[in-house]
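So the structure is just underneath, and the comments pick up after that.
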Amino acid sequence: MASVKKDDRLTSSQSFMCVGFAGFFSKTVTSPLEVVKIKSQVGTFHCKRGFLQSFLLIYQNEGLRGFWKGNLASCLRLIPYTAVHLTTYKKLVHLHMDELGFISQWRAILAGGLAGAVAALTTYPLEVAETRLIAQNCRQPVYMGVVHTISKIYRNEGLLALYRGFSLTLLGAIPFSIGCYAVHMNLDKLWQEPSFRFTPLQNFINGCLAAGVAQTLSYPFETVKRKMQAQSARLPHLGGVDVHFTGMMDCFIQVVKNKGVLSLWNGLTANTIKVVPYFGLLFTCFEMCKQVSLYRNGYIVSPLSYKLTPGVDQSLGPSELEEAKRYLKNRDFGSSLGKC
């Protein structure tokens with residue numbers, strides 16, 4: 001059984017701010033690895049000579065800014081994606097909780113998968129825009145920004161082009177969820193202790209392991225999805241995609257036939273390397289923002305540590321704590337008047 005818990009000492013806006021800042025920062029820092037990964041999946045010429053040469057070729061052909069193409073679209077996508085995902089996940093989890101507030105591991109993962117699908121549907125055009133911006137050469141651009149990319153795709157290719165490959169997101173969620181479930185089911189065997197005793201470092205390692213395994217299993221679906229997002233008959237060389245296809249199944253067949261089965265995992269090296277710094281930065285930034293928020297709310301004595309403020313009831317929510325402080329202040333004021 002897994003208990004779904006959140007820190008009630010933060011307000012909803014503070015939780016959202018912490019998640020948003022951590023996501024923005026970690027995505028921006030690891031953007032070069034994301035660019036190399038997507039170019040490898042799409043099949044542009046930059047990634048024909050291996051992982052390390054890809055960085056050199058991108059720099060030679062597009063300069064440093066080439067490593068941050070599409071990052072704005074990726075960061076902008078975080079805000080609505082996180083909001084929709086958290087809201088949907090919370091509602092789904094509450095539907096399956098028992099009277100004690102517990103939910104089984106597989107139900108929690110299923111709820112996460114469904115919430116992810118809803119959030120992906122809402123923000124999918126931004127993902128398509130990110131892929132198009134990364135696939136193009138920024139020194140000879142077809143698209144000039146996020147808004148221009150989405151409007152141009154809609155105007156020239158229609159609404160469905162903004163959701164091209166979305167079915168692969170749903171199909172990829174199956175092996176992704178299986179990977180997460182397989183890792184979480186065996187964590188107690190890996191650490192030889194129950195999950196409630198895991199340290200923050202152990203939870204970080206667990207997150208990296210789960211993400212690495214899950215993304216590796218679902219990677220072929222993402223590769224084909226990226227190819228479908230990037231290809232357009234209205235773009236030079238069909239958007240630079242190395243396989244010309246008519247649909248999802250044709251793309252799978254063409255990739256395996258012409259490039260081999262392993263080509264479905266092109267860019268996996270960059271993706272695997274990205275997992276540790278991305279989740280490390282995500283975890284660190286979130287914890288830093290959380291500490292600042294807890295300090296502002298009065299629960300800890302310093303934003304640089306988790307040392308609890310003496311005499312503060314940690315079970316109270318922020319509004320309840322403020323109300324309690326006002327009550328105590330007024331009561332002390334009244335008693336001091338009585339002594340006078």
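Numbering (this note's numbering), first residue to last: 1 to 340. We put the beta carbon where it would ideally sit given N, CA and C, even for glycine. Please read all numbers here as calculations on a predicted model, not as lab measurements.
* So C180 packs on V224, CB below 8 angstroms; how close in whole Å? -> Contact between C180 and V224 is absent: CB atoms are separated by about 21 angstroms, not below the 8 angstroms threshold.
* To do: Grab me the residues of C289's own chain with a C-beta within less than 6 angstroms of its C-beta, minus the 5 sequence neighbours each way, in chain order.
  => Within the same chain, C289 has close Cβ partners C18 and F21.
* Taking T11 as the reference, give the member of G311, Q202 and Y299 with the closest Cα. => From the listed residues G311, Q202 and Y299, the smallest Cα separation to T11 is found for Y299.
* Asked: Is the CB-CB distance between V128 and L162 below 8 angstroms?
  -> The beta carbons of V128 and L162 sit closer together than 8 angstroms.
* To do: Given a cut-off of 8 angstroms, decide if T269 and F51 are closer than it, judged by their beta-carbon atoms.
  => In this structure, T269 lies closer than 8 angstroms to F51 by Cβ.
* **I134, enclosing alpha helix (DSSP H) - first and last residue** => Here the alpha helix (DSSP H) through I134 covers Q105 to A135.
* **Cβ-Cβ separation, Y219 to F166 (assumed contact under 8 angstroms), whole Å** => Not a contact, Cβ separation roughly 17 angstroms.
* Asked: So what does DSSP say about F286, is it helix, strand or coil?
  -> If DSSP states are grouped into helix, strand and coil, F286 belongs with the helices.
* To do: Give the straight-line distance between the Cα atoms of Q314 and R197, rounded to the nearest whole angstrom.
  => Roughly 20 angstroms between the two C-alpha positions.
* Taking E157 as the reference, give the member of G63, A210 and A233 with the closest Cα. => Nearest to E157 by alpha-carbon distance, out of G63, A210 and A233, is A233.
* Alpha-carbon spacing of Y278 relative to V213, whole angstroms -> Rounded to whole angstroms, the gap between the alpha carbons of Y278 and V213 is 15 angstroms.
* To do: Determine, using beta-carbon pairs with one atom in the segment 60-71 and one in the segment 131-147, whether at least three such pairs fall under 8 angstroms.
  => Touching, per the Cβ criterion.
* To do: Kindly identify the DSSP beta-bridge partner or partners of I300.
  => Note: I300 sits in a beta bridge opposite L308.
* To do: Could you spell out the range, first to last residue, of the alpha helix (DSSP H) harbouring L226?
  => The sequence given here places Arg at residue 226; Leu does not occur at that position. Where R226 is concerned, the enclosing alpha helix (DSSP H) stretches over P200 to A230.
* Asked: Should G203 be labelled buried (16 or more other beta-carbon atoms within 10 Å of its own) or exposed?
  -> Per the sequence presented here, residue 203 reads as Asn, with Gly not at that position. Its Cβ having fewer than 16 others within 10 Å, N203 is exposed.
* To do: Determine the burial state of K27: buried for a count of at least 16 other Cβ atoms within 10 Å of its Cβ, exposed for fewer.
  => Per the 10 Å Cβ criterion, buried.
* M248 by DSSP, collapsed to three states: which one? -> It is helical.
* **C-alpha gap between G260 and T87, whole angstroms** => Spanning the two alpha carbons is a distance of roughly 41 angstroms.
* Asked: With I253 and T131 assumed to form a contact (beta carbons below 8 angstroms), what rounded beta-carbon distance in angstroms separates them?
  -> In this structure I253 does not touch T131 by the C-beta definition: roughly 21 angstroms separates them, more than the 8 angstroms allowed.
* From L171, L238, L201 and E322, pick the residue whose C-alpha is nearest to that of M248; which is it? -> M248 has its Cα closest to that of L171, out of L171, L238, L201 and E322.
* **Where the alpha helix (DSSP H) through S15 begins and ends** => Where S15 is concerned, the enclosing alpha helix (DSSP H) stretches over S12 to V29.
* Helix, strand or coil: how does DSSP classify R77 here? -> Correct three-state label for R77: helix.
* Asked: Below 8 angstroms between beta carbons: does that hold for Q41 and K227?
  -> At a Cβ-Cβ threshold of 8 angstroms, Q41 and K227 count as neighbours.
* To do: Give the straight-line distance between the Cα atoms of Y154 and G112, rounded to the nearest whole angstrom.
  => C-alpha separation (whole angstroms): 30 angstroms.
* Asked: If you drop the 5 nearest sequence neighbours on each side, which residues of the same chain put their C-beta closer than 7 angstroms to that of G116?
  -> Cβ within range, chain order: H85 and A173.
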